[in-house]
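J.: So the number in the working numbering is just where the residue sits in the sequence shown, counting from 1, plus 285. Below is the structure I would like to discuss, written out as structure tokens.
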Amino acid sequence: MEPGMALHRSQKLNILRLVVLLTVVLAGIKFFFRDSFTLDQHKESSGKSSFWGDPGDPQQSARIGDPSFEFLDSKGAAGARPETRKQPLQALSSTPTRLVHLDLKGAAPKVAYLEQIFPLFSKLGANGVLIEYEDMFPFTGELEILRSPYAYSEEDIGKVLELAERNKLEVIPLVQTFGHVEFILKHDKYRHLREVERFPNSFNPHVPETLAVVKAVLTQVLNKHRRSHWVHIGADEVFHLGEGMDSKNWMSRNAGDLGKMYLSHIREVVSFVAGQPGGFQALLWDDMLRKVSEAAIQDSGIAKQASPMLWFYAPDFDTQQIGKYIAKYAECGFKTIWFASSFKGTTGPAQAWPPLNGHLQNHLRWLKVIQSMATTAPSVRFQGIAITGWQRYDHYSALCELLPVGIPSLAVCLQTLVNGGFTDATKKKVLGILGFQNMNLETGTCEGNGAFPGSDIYRMVEQVSGQLRDSVVKVLEEESTIKGWFSPYHRKHQFGNPRNLESFGSKVLKVHEDWENLIQTLRSHMEAIYFPDTVEEWMEENVNPHMDRLREFVRDFKETIRLNARPKTL
Numbered sequence: 286m287e288p289g290m291a292l293h294r295s296q297k298l299n300i301l302r303l304v305v306l307l308t309v310v311l312a313g314i315k316f317f318f319r320d321s322f323t324l325d326q327h328k329e330s331s332g333k334s335s336f337w338g339d340p341g342d343p344q345q346s347a348r349i350g351d352p353s354f355e356f357l358d359s360k361g362a363a364g365a366r367p368e369t370r371k372q373p374l375q376a377l378s379s380t381p382t383r384l385v386h387l388d389l390k391g392a393a394p395k396v397a398y399l400e401q402i403f404p405l406f407s408k409l410g411a412n413g414v415l416i417e418y419e420d421m422f423p424f425t426g427e428l429e430i431l432r433s434p435y436a437y438s439e440e441d442i443g444k445v446l447e448l449a450e451r452n453k454l455e456v457i458p459l460v461q462t463f464g465h466v467e468f469i470l471k472h473d474k475y476r477h478l479r480e481v482e483r484f485p486n487s488f489n490p491h492v493p494e495t496l497a498v499v500k501a502v503l504t505q506v507l508n509k510h511r512r513s514h515w516v517h518i519g520a521d522e523v524f525h526l527g528e529g530m531d532s533k534n535w536m537s538r539n540a541g542d543l544g545k546m547y548l549s550h551i552r553e554v555v556s557f558v559a560g561q562p563g564g565f566q567a568l569l570w571d572d573m574l575r576k577v578s579e580a581a582i583q584d585s586g587i588a589k590q591a592s593p594m595l596w597f598y599a600p601d602f603d604t605q606q607i608g609k610y611i612a613k614y615a616e617c618g619f620k621t622i623w624f625a626s627s628f629k630g631t632t633g634p635a636q637a638w639p640p641l642n643g644h645l646q647n648h649l650r651w652l653k654v655i656q657s658m659a660t661t662a663p664s665v666r667f668q669g670i671a672i673t674g675w676q677r678y679d680h681y682s683a684l685c686e687l688l689p690v691g692i693p694s695l696a697v698c699l700q701t702l703v704n705g706g707f708t709d710a711t712k713k714k715v716l717g718i719l720g721f722q723n724m725n726l727e728t729g730t731c732e733g734n735g736a737f738p739g740s741d742i743y744r745m746v747e748q749v750s751g752q753l754r755d756s757v758v759k760v761l762e763e764e765s766t767i768k769g770w771f772s773p774y775h776r777k778h779q780f781g782n783p784r785n786l787e788s789f790g791s792k793v794l795k796v797h798e799d800w801e802n803l804i805q806t807l808r809s810h811m812e813a814i815y816f817p818d819t820v821e822e823w824m825e826e827n828v829n830p831h832m833d834r835l836r837e838f839v840r841d842f843k844e845t846i847r848l849n850a851r852p853k854t855l
């Protein structure tokens, strides 16, 4: 080898080494500054957004690019997927969360309907869903007894979370942990955990097994929601708390401090939630906290790991009183606060049709509260609002409005929050999204067929709710008249001519046939969305009380005609 060529190759090797070194250095610099650069971009983007954000803009969703669902392992239908790290809470978008509440303890829709309705939620301005599973969760092992016969499967849960992620909806599970636990305490297996033996609604917080059951329920639910940041622990309306013998004994030793007893249980639940892998921030309804002193709440330490959710559903609630509660919670040390409004399920335990204007007014009130927070409570941050859609008042109550029937109300409420009010432009947008021509807020009705998932049910329920009872009463008139239509008087004066009877009978038969056809069609559409128990329960509550009278009359009439027992001409 010649000396000149060897030198030439040595120079090339040195240059190559230098290039590799520079590449490594540049890569390290890029990696080091990557996170801060991304955060700066995020802050800049958030700064340009409006208070409520732009619905439909993925940058304003509750979480950016972070899947809010847990893929099942190899045993689940959703298949395995590489784990995605949950973002810390401080890295989330500053846009307040707008949650649509799904109350599954009654009329839980099939997953196929959620697949249709989630895109509409997102389009209307929601960026999250608050899912109250109750007995619809696929509990396993010792908790399997809690499952409804129609409970979702593990594959269904995976699908729901996947659908939520696809539509930029943050998923927050709601698990009742103190009151409203009928779905647990109704079983003989857990009867001994009741605060008062006669009532299955509240836990006895002094029995060690109570916390064990609560933790077991939370563990199974949270294991399916590892990418969620929040979990709602309920904790509202703990009826009969303090009435059990264990509680009376405890209070006799603790100066009768019911608030301290309540907080003792809540502290355990909140600490358990926060200690789960990845960590969860707890939400809880605030009604029980309203009665507890600030000092007791501060001493409990729950403000570090939980946030209260203030709920008021009336159209004319006192905004000044809400301000006092907010100031109290700020003084207690809570850093964030949530609100809860309503789009259905709060105006009557068996309400079939939602009053649009009442729910609109409720949201206009909440807007006033939200807009005043900067001056009334600067130390606490408004985190979001849950637009509740209660399906039952409790586990044993009748069904409230069906979800498809409440969609127009939900649309009005969401768009009111998004736009800071309900203007003509907002109304026009709602009508365009739902496929209606007009909307009457006072009567709660809409003109046009509608073009949203479930609009056919909306239309038919409107007829049943608004016309069925009056239609039957009009045909049958009074009960005494129905029972006496074959009396001598009626034979002589009303049905003296057999043609009068035939004419009257034809009218009744036509009304009966029309209603039977509509109800059969409604049943068919409901069966596509709901499980059989829901369809039968709704029919029993809203249809059968009226149709059974009409059906009985038609049976009697047909039997009379069959026997040729026509009134004689006197």
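Every residue, glycine too, gets a C-beta built ideally from N, C-alpha and C.
(1) Go ahead and pull the three-state DSSP assignment for residue 838.
(2) Between residue 514 and residue 457, what straight-line distance do the alpha-carbon atoms span, to the nearest angstrom?
(3) Can you tell me whether residue 325 is buried or exposed? The criterion is at least 16 other CB atoms within 10 Å of its CB, across all chains shown.
(4) With DSSP collapsed to three states, give me the class of residue 558.
(5) Measuring alpha carbon to alpha carbon, tell me which of 826, 820, 822, 581 ends up nearest residue 539.
(6) Residue range of the beta strand (DSSP E) that residue 517 falls in?
(7) In whole angstroms, give me the CA-to-CA distance for residue 402 and residue 521.
(8) Pairing CB atoms from the stretch 494-502 with CB atoms from the stretch 525-541, are three or more of them under 8 angstroms?
(9) By how many angstroms is the C-alpha of residue 523 removed from the C-alpha of residue 543?
(10) Would you tell me roughly how many angstroms separate the C-alpha atoms of residue 428 and residue 502, rounded to the nearest one?
(11) Rounding to the nearest angstrom, what Cα-Cα distance links residue 436 and residue 630 in this structure?
(12) Apart from the five residues on each side of it in sequence, which residues of its chain come closer than 6 angstroms, Cβ to Cβ, to residue 807?
(13) Can you give me the start and stop residues for the alpha helix (DSSP H) that residue 396 sits inside?
(14) At 3 residues or longer, what runs of the beta strand (DSSP E) sit wholly inside the stretch 556-597?
(15) Please state whether DSSP places residue 501 in a helix, a strand or coil.
(16) Less than 9 angstroms between the beta carbons of residue 648 and residue 716, yes or no?
(17) Run the CB neighbour count on residue 560, radius 10 Å, all protein chains shown included, and call it buried at 16 or more, exposed below.
(18) Identify whether residue 385 lies in helix, strand or coil by the three-state DSSP scheme.
(19) Looking at the secondary structure, which residues open and close the beta strand (DSSP E) in which residue 762 lies?
(20) To which residues of the same chain is residue 690 closer than 6 angstroms at the C-beta, ignoring the five residues directly before and after it?
(21) Is residue 481 near residue 441, with beta carbons less than 9 angstroms apart?
(22) Check for me: the beta strand (DSSP E) holding residue 667 runs from which residue to which?
(23) For the structure I just gave you, are there three or more beta carbon pairs, one from the stretch 657-668 and one from the stretch 716-725, closer than 8 angstroms?
(24) With distance defined between alpha-carbon atoms, name the residue in 463, 626, 423 nearest to residue 573.
(25) Count the other CB atoms within 10 Å of the CB of residue 365; is the residue buried (16 or more) or exposed (fewer)?
(26) Could you name the residues of the same chain whose beta carbon sits closer than 7 angstroms to that of residue 586, not counting the 5 residues immediately before and after it, in chain order?
T.: Based on what the coordinates show:
(1) The residue you call residue 838 lines up with position 553 of the sequence shown. Residue state, collapsed to three classes: helix.
(2) In the sequence shown, counting from the first residue as 1, residue 514 sits at position 229. In the sequence shown, counting from the first residue as 1, residue 457 sits at position 172. Distance between the alpha carbons of residue 514 and residue 457 is about 8 angstroms.
(3) Your numbering for residue 325 matches position 40 in the sequence shown. Note that residue 325 scores a pLDDT of 36, beneath 50, so its modelled location is shaky; the value from the coordinates is reported in the next line. Exposed is the label assigned to residue 325, since fewer than 16 other Cβ atoms lie within 10 Å of its Cβ.
(4) The count along the sequence shown starts at 1 and reaches residue 558 at position 273. If DSSP states are grouped into helix, strand and coil, residue 558 belongs with the helices.
(5) Reading the sequence shown from its first residue, position 254 is the one you call residue 539. Checked all of 826, 820, 822, 581; the closest Cα to residue 539 is 581.
(6) Within the sequence shown, residue 517 is the residue found at index 232, counting from 1. From DSSP, the beta strand (DSSP E) with residue 517 extends over 515-517.
(7) Here residue 402 corresponds to residue number 117 of the sequence shown, with the count starting at 1. Here residue 521 corresponds to residue number 236 of the sequence shown, with the count starting at 1. Each residue's Cα considered, the two are about 28 angstroms apart.
(8) no
(9) In the sequence shown, counting from the first residue as 1, residue 543 sits at position 258. In the sequence shown, counting from the first residue as 1, residue 523 sits at position 238. C-alpha separation (whole angstroms): 11 angstroms.
(10) As a working note, residue 428 is residue 143 in the sequence shown. As a working note, residue 502 is residue 217 in the sequence shown. Cα to Cα, residue 428 sits roughly 7 angstroms from residue 502.
(11) On the sequence shown, residue 436 is found 151 positions in, with the first residue counted as 1. On the sequence shown, residue 630 is found 345 positions in, with the first residue counted as 1. Those two C-alpha atoms are separated by around 22 angstroms.
(12) As a working mapping, residue 807 is identified with position 522 in the sequence shown. So the list reads 745, once near-sequence residues are dropped.
(13) As a position in the sequence shown, residue 396 is number 111, starting the count at 1. Per DSSP, residue 396 belongs to the alpha helix (DSSP H) from 396-409.
(14) 566-570, 591-596
(15) By one-based count along the sequence shown, residue 501 stands at place 216. If DSSP states are grouped into helix, strand and coil, residue 501 belongs with the helices.
(16) Here residue 648 corresponds to residue number 363 of the sequence shown, with the count starting at 1. Here residue 716 corresponds to residue number 431 of the sequence shown, with the count starting at 1. No, Cβ-Cβ distance for residue 648 and residue 716 is not below 9 angstroms.
(17) On the sequence shown, position 275 is the one that residue 560 refers to. Around the beta carbon of residue 560, a 10 Å sphere encloses fewer than 16 other beta carbons of the protein chains shown; the residue is thus reported as exposed.
(18) In the sequence shown, the residue the question calls residue 385 occupies position 100. Reduced to three states, the DSSP call for residue 385 is strand.
(19) Counting from one through the sequence shown, the residue named residue 762 turns up at place 477. Segment: none, residue 762 is in no beta strand (DSSP E) and carries neither H nor E.
(20) For this step, residue 690 is matched to residue 405 along the sequence shown. Closer than 6 angstroms at the Cβ level, and outside the excluded window around residue 690, lie 743, 746.
(21) Stepping through the sequence shown from its first residue, residue 481 is reached at position 196. Stepping through the sequence shown from its first residue, residue 441 is reached at position 156. Between residue 481 and residue 441, the C-beta spacing is not below 9 angstroms.
(22) Within the sequence shown, residue 667 is the residue found at index 382, counting from 1. First-last of the beta strand (DSSP E) with residue 667: 666-674.
(23) Judged by Cβ distances under 8 angstroms, the stretch 657-668 makes no contact with the stretch 716-725, as fewer than three pairs qualify.
(24) In the sequence shown, counting from the first residue as 1, residue 573 sits at position 288. It is 463 whose Cα lies nearest to the Cα of residue 573.
(25) Residue numbering aside, residue 365 sits at position 80 when the sequence shown is read from its first letter. Reliability fails at residue 365, whose pLDDT of 34 lies under 50, so the model's placement of it is uncertain and the value that follows must be treated cautiously. Residue 365 comes out exposed.
(26) Numbered from 1 along the sequence shown, position 301 holds the residue referred to as residue 586. These residues qualify, in order along the chain: 552.
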